[in-house]
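> Last residue of the sequence shown? That's 1060 in this note's numbering, and every number before it is there in order.
The beta-carbon is built from N, C-alpha and C at its ideal position, and this holds for glycine as well.
Take this structure, written in structure tokens, and hold onto it; I'll ask about it next.
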Amino acid sequence: MPDQLGTALRQTDPEIFEHLESEDRRQGRTIRLIASENYASRAVRQATASRLTNKYSEGYPGRRYYQGQQETDAVENIARDRACALFGADHANVQPYSGSPANLAVYYALLELGDSVLGMGLPFGGHLTHGWKVSFSGRFYDAHHYGVSRDAEVIDYDEVRRIAKEVEPKMIICGASAYPRTIDFDAFADIAEEVGAYLVADIAHIAGLVAGGAHPSPVERADVVTTTTHKTLRGPRGGMILCKEEHARAIDRAVFPALQGGPHMNAIAAAAVAFGEADTDEFKAYAQQVVTNARILGQAMEEAGLRLVSGGTDNHLLLVDLTPRDIGGRDAAIALEKAGIIVNANSIPFDQRKPFDPSGIRLGTAAVTTRGMDGEDMKQIAQFIGQTLDHLDDDDQLGRIASDVEEFCSAFPLP
Ligand code: DSN
């Protein structure tokens, strides 16, 4: 519940209030393993619910189109300064509404329609906006893809170089939505330099790990870095673009006025709060624990006989291949939800099944780590998952696991 608004909301709109309360209970009694989700702090949620939601602020600090910007200018400057300090960036644009609009702005800023781009293919863990055909990025640009190697299931940088030399992209995008291994940003930067391409790193998934020192940073070498603010970074829903000074003007003009109107200043205030929270030793410890938890969860899943794509993880994310168990990812995700464990079905590299019912599930440890769960708890979660996959069609058994999960979760209050 948006704490300070609870009473008013209950009175004004009991129907919505009940759904929000129910969502609070759902988030509390389930083990949330969706790799892109987290629990924002109470302070972040309070800023999100602030009266800045009432304000229009087209433009940038010191250069707005409407009056009344004393506080919005201050808030946006703080958000930009904190983002630059946290990531060591020259320039930050904190106005993108989310990750996809941030990426769209980068295409707009750096490319002409029809220019060639090279990104990770969606079936291998890339994002829709990295050139996939159903997105603007695959429709309006000449998109090419790299994937992962068949044997090790990791990015083969020699192969990326070979493709880059062949297609001569104007922009290379690295970063992923479902890749469990460290991304070698230096290798990508070397390749981009060799072929004269811009390098864009989309760190939406790993931004919190980068900020917390648990994954190498691309900021030094990439021309532009995009991210969401709500995944491992644990802020409000939103997007952000970091870039070298030479691209600052083009990026800012792409976000506004080219693609967006008024920024969501309440979200920007909340992002500023989250950047402040992330610039602490406590957050560094959190980021390390996210990675430790993922590794322990992965080991425990392997001990339970499950196969992990690439044989493990270096970050917050695990891709589980259910093919050896002859279980579809969709059936597994539905059964896990009945057991109180929330994941998403996910394609695995070289998947033989369709994207809506793929061969894998994707798990992440950002949210459970925020709740305070540690390595021992990961082993317990792996057991719950193993039990669920053993009783896929047994609703009684799944209900019993859900009760155990709820009791387990009750020891970890929501932030
Ligand atoms: N929906 C996000 C994710 O789950 O990874 C990517 O946009």
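Using the Cβ count rule (16 or more neighbours within 10 Å means buried), how would you classify Val1050?
buried
> Beta carbon of Ser782: closer than 6 angstroms to some heavy atom of the ligand DSN?
no
> Quick test of your reading: Met946 and Ala1027, contact by CB under 8 angstroms. State the CB separation rounded to the nearest angstrom.
5 angstroms
> Return helix, strand or coil for Tyr931, following the three-state DSSP convention.
helix
> Taking C-alpha atoms, which residue in Gly857, His875, Arg898 lies nearest to Gly704?
Arg898
> Take Tyr875 as the anchor and find which of Asn991, Cys888, Ala849 has the nearest alpha-carbon.
A small fix is needed here, since residue 875 is His in this sequence, not Tyr. That would be Ala849, whose Cα lies nearest to the Cα of His875.
> Cβ-heavy atom distance between Ser822 and the ligand DSN below 6 angstroms?
For the ligand DSN, at least one heavy atom lies less than 6 angstroms from the Cβ of Ser822.
> Please find out if some non-hydrogen atom of the ligand DSN comes closer than 6 angstroms to the beta-carbon of Ser681.
yes
> Is the beta carbon of Ile913 sitting closer than 7 angstroms to the one on Val739?
Yes; because the gap between Cβ atoms is below 7 angstroms, this pair is in contact.
> Going residue by residue through the stretch 808-895, where are the continuous beta strand (DSSP E) segments of at least 3 residues, counting only ones entirely within it?
816-819, 843-847, 869-873, 884-888
> How is the alpha helix (DSSP H) around His664 delimited, first residue to last?
659-674
> Could you check whether Thr1015 and Ala980 sit closer than 7 angstroms to each other, using their CB atoms as the reference points?
no
> Is the Cβ-Cβ distance between Gln852 and Gly880 less than 7 angstroms?
It is Ala, not Gln, that sits at residue 852 in the sequence shown. It is not a contact, given that the beta carbons lie outside the stated cut-off.
> Going by CA-CA distance only, name the one from Lys999, Met816, Gly973 that's closest to Pro786.
The sequence given here places Tyr at residue 786; Pro does not occur at that position. Sorting Lys999, Met816, Gly973 by C-alpha distance to the C-alpha of Tyr786 places Met816 at the top.
> From the DSSP output, in three-state form, read off Asn699 for me.
helix
> Count the other C-beta atoms from every protein chain shown that fall within 10 angstroms of the C-beta of Ala1056, then say buried if there are 16 or more, exposed otherwise.
exposed
> Rounded to the nearest angstrom, what separates Lys810 and Thr968 at their Cα positions?
35 angstroms
> Under three-state DSSP, which class holds Ile993?
Under the three-state reduction of DSSP output, Ile993 falls in the coil class, being neither helix nor strand.
> Using the DSSP secondary-structure output, state which residues sit across from Met910 in a beta bridge.
Per DSSP, none; premise fails for Met910.
> Should Ser745 be labelled buried (16 or more other beta-carbon atoms within 10 Å of its own) or exposed?
Around the beta carbon of Ser745, a 10 Å sphere encloses 16 or more other beta carbons of the protein chains shown; the residue is thus reported as buried.
> Would you tell me roughly how many angstroms separate the C-alpha atoms of Lys700 and Met910, rounded to the nearest one?
7 angstroms
> I need the boundaries of the alpha helix (DSSP H) containing Arg598, first residue and last residue.
Residue 598 lies beyond the residue range present for the chain, which begins at 646 and ends at 1060; the question has no answer from this structure.
> Considering only their Cβ atoms, is the gap separating Glu890 from Asp735 smaller than 7 angstroms?
yes
> Within 10 Å of its beta-carbon, does Arg807 have 16 or more other beta-carbons around it, so buried, or fewer, so exposed?
exposed
> Under 6 angstroms Cβ to Cβ from Thr774, same chain only, skipping five residues before and after it: list those, please.
Ser745, Asn748, Ser780, Ser782
> Output the distance between the C-alpha atoms of Ile1046 and Ala694, rounded to the nearest integer angstrom.
35 angstroms
> Could you tell me the alpha carbon to alpha carbon distance between Glu798 and Val988, rounded to whole angstroms?
21 angstroms
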